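Residue numbers (the working numbering): 65 to 666. Just so it is clear, CB atoms sit at the ideal spot from N, CA and C, and this is done for glycine as well. As the structure is a prediction and not an experimental result, all values here were calculated from the model.
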């Protein structure tokens with residue numbers, strides 16, 4: 065993993081982290097969407113079941129009215145044809161809604177109910193018609209329960225819709241059955257002359273029937289305040305009030321028409337109330353679907369926004385890291401290429417900014433070092449090419465530098481310094497110094513000690529064989545007054561010393577010649593007179609007039625620097641003769657009437 069991460073680029077690492085974060089973010093989102101979609105689908109399935117329950121409820125409502133008419137006809141009331149004209153259409157509508165369900169139990173029950181429904185129009189006996197309606201109600205209620213279970217209405221997860229379903233699909237059918245039973249039971253008591261007990265019986269049984277339905281509605285209202293406007297129909301109060309008014313005193317007979325009208329009105333109101341509950345149920349289910357889908361969109365949008373923000377933030381963070389790194393790489397490459405004047409901006413105080421600040425400090429230091437190195441290089445080149453013999457000592461006396469002239473000088477000195485065990489070479493001097501060579505050690509140590517203690521240059525004379533040197537030692541003082549080393553300059557004074565010795569010897573010879581009694585002159589190979597002694601000068605001055613007879617231009621004061629040809633009648637022959645002399649030659653010459661014995665030596 066470490067090797068892999070070292071090979072991956074920074075932006076690739078950020079992409080990898082982003083992908084991992086996206087996956088981690090999408091996992092709970094996917095789970096939420098799956099559960100939310102499941103809830104949406106369940107709600108949609110519940111909505112698909114409502115038309116079947118409505119068709120079943122519509123058929124029940126028609127049959128309840130029809131049974132009420134059959135019951136009234138059986139009681140002797142003239143109601144005419146008690147069959148409802150809309151019954152066939154309601155049957156067809158329910159059959160159409162049940163077809164997609166594909167439940168064998170429902171199909172079986174429905175076929176039985178169809179057969180019983182088909183016999184109702186031909187039934188002439190109102191009493192038997194009433195009982196057959198009761199059997200059909202039981203079958204339709206079973207179909208209602210199966211439909212509710214098949215479409216998941218009985219398992220609704222929300223409290224408000226669950227209790228609405230309970231009130232509309234479970235409590236309402238039971239209430240209708242109770243209502244019909246109460247009507248028939250009350251009518252029976254009237255026929256049995258038990259009129260006084262009817263009101264008590266109605267109050268007791270209505271409280272039980274209404275209690276279940278009202279309890280479910282109350283729970284739905286508590287779960288959702290939007291249902292507060294839904295009110296349970298006050299049919300029980302109307303029936304109780306009717307019974308209270310009619311069954312008082314010694315009344316032995318009640319108007320059956322009014323009795324049936326009260327119960328029919330109560331049934332109609334409860335069917336309308338059931339439809340209100342189903343309408344509210346549809347609204348709440350659609351609202352739930354919209355709410356879930358809205359939450360899905362909100363969450364997806366929020367996740368998308370977070371992803372975009374994370375991408376932008378990641379891009380910004382990546383840029384804040386990558387830009388300084390790219391700048392650092394660029395600067396490092398420039399420095400590696402010898403370019404130290406790269407300009408770059410440094411801002412912030414994070415790690416990347418600290419890196420760039422360090423690079424800036426480094427480049428500034430390298431620039432200064434480069435300038436110093438350039439200056440040092442110029443100085444070194446100047447020292448290398450200087451004619452003076454120069455060397456540099458470290459503060460501890462170790463030789464650290466020879467220029468070219470000094471190296472040549474060391475090679476020349478090697479000819480006069482005894483070889484011994486350690487040859488006198490520049491390499492040995494750089495490695496071991498002068499301490500190995502007795503010819504230098506005492507003077508060298510004394511000079512270094514003196515320079516280390518004094519800031520002024522010092523000079524010492526040094527003779528090596530026939531070579532003479534003046535050794536100038538100058539301390540190198542730094543900006544902080546620290547001693548950085550010593551510059552030693554070896555000036556070869558051999559020629560000057562030898563010239564001085566020769567001059568001293570010549571001076572002694574001249575003094576000797578000036579003191580002799582014989583006239584002496586010295587000329588070079590070309591005959592130019594270089595020297596005459598005092599005796600010669602006196603002789604020439606004495607005999608100047610005699611010499612002028614032979615050479616009119618002769619002057620005793622201008623002899624030195626003139627040519628010896630001035631003393632001969634044939635100058636060219638005289639010069640030729642003098643040039644051919646080797647060793648010593650004696651001759652006699654006549655000059656101005658005087659004869660001179662001349663000894664010439666080459």
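Exposure of residue i, with buried meaning 16 or more beta-carbon neighbours within 10 Å
| i | result |
| --- | --- |
| residue 435 | exposed |
| residue 582 | exposed |
| residue 647 | exposed |
| residue 257 | Confidence at residue 257 is low in this model, with a pLDDT of 47, below 50, so its placement is unreliable and no value can be given for it. |
| residue 661 | exposed |
| residue 117 | buried |
| residue 397 | exposed |
| residue 119 | buried |
| residue 388 | buried |
| residue 409 | exposed |
| residue 575 | exposed |
| residue 137 | buried |
| residue 221 | exposed |
| residue 132 | buried |
| residue 521 | exposed |
| residue 600 | buried |
Extent of the continuous alpha helix (DSSP H) run through residue i
| i | result |
| --- | --- |
| residue 205 | 190-214 |
| residue 220 | Taken as a continuous stretch (DSSP letters only), residue 220 belongs to no alpha helix (DSSP H), as it is neither H nor E. |
| residue 427 | 415-449 |
| residue 464 | Per DSSP, residue 464 belongs to no alpha helix (DSSP H); it is in the beta strand (DSSP E), 463-466. |
| residue 183 | 168-183 |
Cα-Cα separation, residue i to residue j
| i | j | result |
| --- | --- | --- |
| residue 154 | residue 173 | 17 angstroms |
| residue 498 | residue 458 | 13 angstroms |
| residue 579 | residue 598 | 8 angstroms |
| residue 124 | residue 187 | 19 angstroms |
| residue 94 | residue 111 | 25 angstroms |
| residue 150 | residue 215 | 27 angstroms |
| residue 152 | residue 333 | 23 angstroms |
| residue 609 | residue 626 | 18 angstroms |
| residue 400 | residue 90 | 47 angstroms |
| residue 567 | residue 629 | 28 angstroms |
| residue 461 | residue 548 | 11 angstroms |
| residue 586 | residue 562 | 22 angstroms |
| residue 84 | residue 413 | 30 angstroms |
| residue 444 | residue 471 | 14 angstroms |
| residue 92 | residue 367 | 11 angstroms |
| residue 370 | residue 422 | 36 angstroms |
| residue 500 | residue 623 | 59 angstroms |
| residue 71 | residue 474 | 57 angstroms |
| residue 135 | residue 195 | 9 angstroms |
| residue 642 | residue 590 | 9 angstroms |
C-beta contact flag for residue i and residue j at 8 angstroms
| i | j | result |
| --- | --- | --- |
| residue 128 | residue 234 | no |
| residue 291 | residue 224 | yes |
| residue 553 | residue 454 | yes |
| residue 74 | residue 417 | no |
| residue 427 | residue 463 | no |
| residue 210 | residue 157 | no |
| residue 594 | residue 584 | no |
| residue 293 | residue 227 | no |
| residue 433 | residue 451 | no |
| residue 359 | residue 100 | yes |
| residue 115 | residue 76 | no |
| residue 338 | residue 218 | no |
| residue 419 | residue 392 | yes |
| residue 633 | residue 620 | no |
| residue 659 | residue 652 | yes |
| residue 363 | residue 96 | yes |
Where the beta strand (DSSP E) containing residue i begins and where it ends
| i | result |
| --- | --- |
| residue 547 | 547-556 |
| residue 606 | Residue 606 -> not in any beta strand (DSSP E); alpha helix (DSSP H) instead, spanning 598-606. |
| residue 663 | 658-665 |
| residue 537 | 531-541 |
| residue 587 | 585-587 |
| residue 524 | 522-528 |
| residue 455 | 453-457 |
Nearest-angstrom beta carbon gap, residue j and residue i [assumed within contact, 8 angstroms]
| i | j | result |
| --- | --- | --- |
| residue 207 | residue 180 | Their Cβ separation, rounded to whole angstroms, is 13 angstroms, which puts residue 207 and residue 180 out of contact at 8 angstroms. |
| residue 130 | residue 197 | 7 angstroms |
| residue 356 | residue 104 | 5 angstroms |
| residue 531 | residue 477 | 7 angstroms |
| residue 82 | residue 374 | 7 angstroms |
| residue 331 | residue 276 | Residue 331 to residue 276, Cβ: 17 angstroms. No contact. |
| residue 404 | residue 424 | The pair is not a contact, with the Cβ atoms about 11 angstroms apart (cut-off 8 angstroms). |
| residue 327 | residue 243 | 6 angstroms |
Neighbour flag for residue i against chain B, beta carbons, 8 angstroms
| i | result |
| --- | --- |
| residue 584 | No chain B appears in the structure shown, which is made up of a single protein chain. |
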